[in-house]
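Colleague: In my numbering, each number is its position in the sequence shown, counted from 1, plus 9.
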Amino acid sequence: MRIAAEDLKAAALIRDAAMRLFAERGAAGVTVRQIAAAAGVSAGLVMHHYGSKKGLQDAVDRRAVAFFEEMIGELGRIGEEDGSASLAEMLVDRMESEPAMTGYVRRLLAEGGQTADVLFGSLFEATAAGMRSLVAAGIARPAADEPVRAAFLLANDLAVVLLRGPIARATGTDPLSRDGLARWSAAVMDVYAGGVFAVPAAPGMPASDQRSAREEQSQ
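(1) Tell me whether D126 sits in a helix, a strand or coil according to DSSP, three-state version.
(2) Would G189 be called buried (16 or more neighbouring beta carbons within 10 Å of its own) or exposed?
(3) State yes or no: is the C-beta of A19 within less than 8 Å of the C-beta of V39?
(4) Here's a check: name, in chain order, each residue in its chain whose Cβ is nearer than 8 Å to the Cβ of E120, leaving out the five neighbours to either side.
(5) Check each candidate in A159, T136, V69, E78 and name the one with the smallest Cα separation from R116.
(6) Would you check if the distance between the CB atom of A149 and the CB atom of M140 is smaller than 8 Å?
(7) Among the candidates A52, G53, S106, V200, whose CA atom is the shortest distance from the CA of F77?
(8) Using 8 Å as the threshold, is the C-beta distance between L185 and L163 below it?
(9) Is G38 helix, strand or coil when you go by DSSP?
(10) Given a cut-off of 8 Å on the beta-carbon distance, is the pair V55 and L65 in contact?
(11) Classify L128 as buried or exposed, calling it buried when 16 or more other Cβ atoms lie within 10 Å of its own Cβ.
(12) Would A32 pass as a contact of A109 if the rule is Cβ separation under 8 Å?
(13) Going by DSSP in three states, V205 sits in which element: helix, strand or coil?
(14) Going straight from the alpha carbon of Y201 to that of L171, what length do you get?
(15) Using a Cβ-Cβ cut-off of 8 Å (strictly less than) and excluding sequence neighbours within five positions of G60, which residues of its own chain qualify?
(16) What is the rounded straight-line gap between the Cα of H57 and the Cα of D183?
(17) Check for me: the alpha helix (DSSP H) holding E155 runs from which residue to which?
(18) In its own chain, which residues sit with a C-beta less than 6 Å from the C-beta of A26, not counting the 5 before and 5 after it?
(19) Is the distance from the Cβ of A191 to the Cβ of A159 below 8 Å?
(20) For T24, does the count of other Cβ atoms within 10 angstroms reach 16, so buried, or fall short, so exposed?
(21) Taking the alpha-carbon positions, what's the A52 to K62 distance?
(22) Per DSSP, what kind of secondary structure is D183 in: helix, strand or coil?
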């Protein structure tokens, strides 16, 4: 039992080291020996667990998909009250547990290819399922075009990963830091719950009625 546990720990260390190096240099720019050195193990142990560099890369890809699927799945369990704070805390906790994940996914999506398409497709399905759960719970309204809405929401989320640096420089806050996520999530929830555009006022409509119309529009 102890040997099995140590074996699993070594496999995870190797996978995490590979993810860090792949994020920094791209998979093509990393060797098995470099991964082994970063993980503090022998190249033979890397081959023992994953068979080849391609096998290791596939394992990293699977972990990336599972990571975001688990995260998106939790959205269905976040209630309306204090939703933005709960979401930000969940995101930070997950990213702090696997700090190389966002860098790896950023490179993967930017480079494109079959693996990126598979990742996006998996995240799209998870997003659509999460939205159906929110609709069933009465938290989100039904969509006229569910696939487009799911793709739109996913694109917004992935944009933060892809544009992390420019967003940080523009706003003065890293959007994927603990403070930055709280700020970002609050703004996102405000846009999603209240919208961006004011309700056009009818000619002669009193200001109080205009406010009531905006409140009704945001509900």
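Every residue, glycine too, gets a C-beta built ideally from N, C-alpha and C. Remember, it's a predicted structure, so these values are computed and weren't measured experimentally.
Modeller: Taking the structure as given:
(1) Working through the sequence shown from its first residue, we reach residue 126 at position 117. The answer is helix: DSSP assigns D126 an H, G or I state.
(2) Along the sequence shown, read from residue 1 onward, the residue named residue 189 stands at position 180. With a threshold of 16 other beta carbon atoms within 10 Å, G189 meets it and is buried.
(3) As a working mapping, residue 19 is identified with position 10 in the sequence shown. As a working mapping, residue 39 is identified with position 30 in the sequence shown. Their beta carbons are not under 8 Å apart, which means A19 does not touch V39 by this criterion.
(4) Taking the sequence shown and counting its residues from 1, one reaches residue 120 at position 111. Answer for E120: G35, listed in chain order.
(5) Sequence index remark: in the sequence shown, residue 116 carries index 107 (1-based). Shortest Cα-Cα distance from R116 to any of A159, T136, V69, E78 involves V69.
(6) By 1-based counting over the sequence shown, the position of residue 149 is 140. By 1-based counting over the sequence shown, the position of residue 140 is 131. Note that the C-beta distance between A149 and M140 is below 8 Å.
(7) For the purposes of this step, residue 77 is taken as the residue at position 68 of the sequence shown. When only C-alpha atoms are compared, the closest one is S106.
(8) Sequence index remark: in the sequence shown, residue 185 carries index 176 (1-based). Sequence index remark: in the sequence shown, residue 163 carries index 154 (1-based). Against a cut-off of 8 Å, the Cβ pair of L163 and L185 comes out as no contact.
(9) As a position in the sequence shown, residue 38 is number 29, starting the count at 1. When secondary structure is reduced to three states using DSSP, G38 falls in the helix class.
(10) One-based indexing of the sequence shown puts residue 55 at position 46. One-based indexing of the sequence shown puts residue 65 at position 56. Note that the C-beta distance between V55 and L65 is below 8 Å.
(11) For the purposes of this step, residue 128 is identified with residue 119 of the sequence shown, where counting begins at 1. Around the beta carbon of L128, 16 or more other beta carbons sit within 10 angstroms, so the residue counts as buried.
(12) Working through the sequence shown from its first residue, we reach residue 32 at position 23. Working through the sequence shown from its first residue, we reach residue 109 at position 100. A contact, by the Cβ cut-off of 8 Å.
(13) Walking along the sequence shown from the start, residue 205 turns up at place 196. In the displayed model, V205 falls within coil according to three-state DSSP, outside both helix and strand.
(14) On the sequence shown, residue 201 is found 192 positions in, with the first residue counted as 1. On the sequence shown, residue 171 is found 162 positions in, with the first residue counted as 1. Between Y201 and L171, the alpha-carbon positions lie close to 21 Å from each other.
(15) Translated into the one-based positions of the sequence shown, residue 60 becomes position 51. Taking C-beta separations shorter than 8 Å and ignoring five residues to either side along the sequence, G60 has no partners in its chain.
(16) In the sequence shown, residue 57 corresponds to position 48, counting from 1. In the sequence shown, residue 183 corresponds to position 174, counting from 1. Rounded to whole angstroms, H57 to D183 spans 39 Å at the Cα level.
(17) One-based indexing of the sequence shown puts residue 155 at position 146. First-last of the alpha helix (DSSP H) with E155: 155-171.
(18) Position 17 of the sequence shown holds residue 26. Counting only Cβ-Cβ distances below 6 Å, and skipping sequence neighbours, we find I44, A47, A48.
(19) For the purposes of this step, residue 191 is identified with residue 182 of the sequence shown, where counting begins at 1. For the purposes of this step, residue 159 is identified with residue 150 of the sequence shown, where counting begins at 1. Note that the C-beta distance between A191 and A159 is not below 8 Å.
(20) Here the question's residue 24 lines up with position 15 in the sequence shown. In the sequence as displayed, the identity of residue 24 is Arg instead of Thr. Buried: at least 16 other Cβ atoms inside 10 Å.
(21) The residue you call residue 52 lines up with position 43 of the sequence shown. The residue you call residue 62 lines up with position 53 of the sequence shown. When the Cα atoms are used, A52 and K62 turn out to be separated by approximately 10 Å.
(22) Locating residue 183 in the sequence shown gives position 174, where the first residue counts as 1. DSSP places D183 in coil when its eight states are reduced to three.
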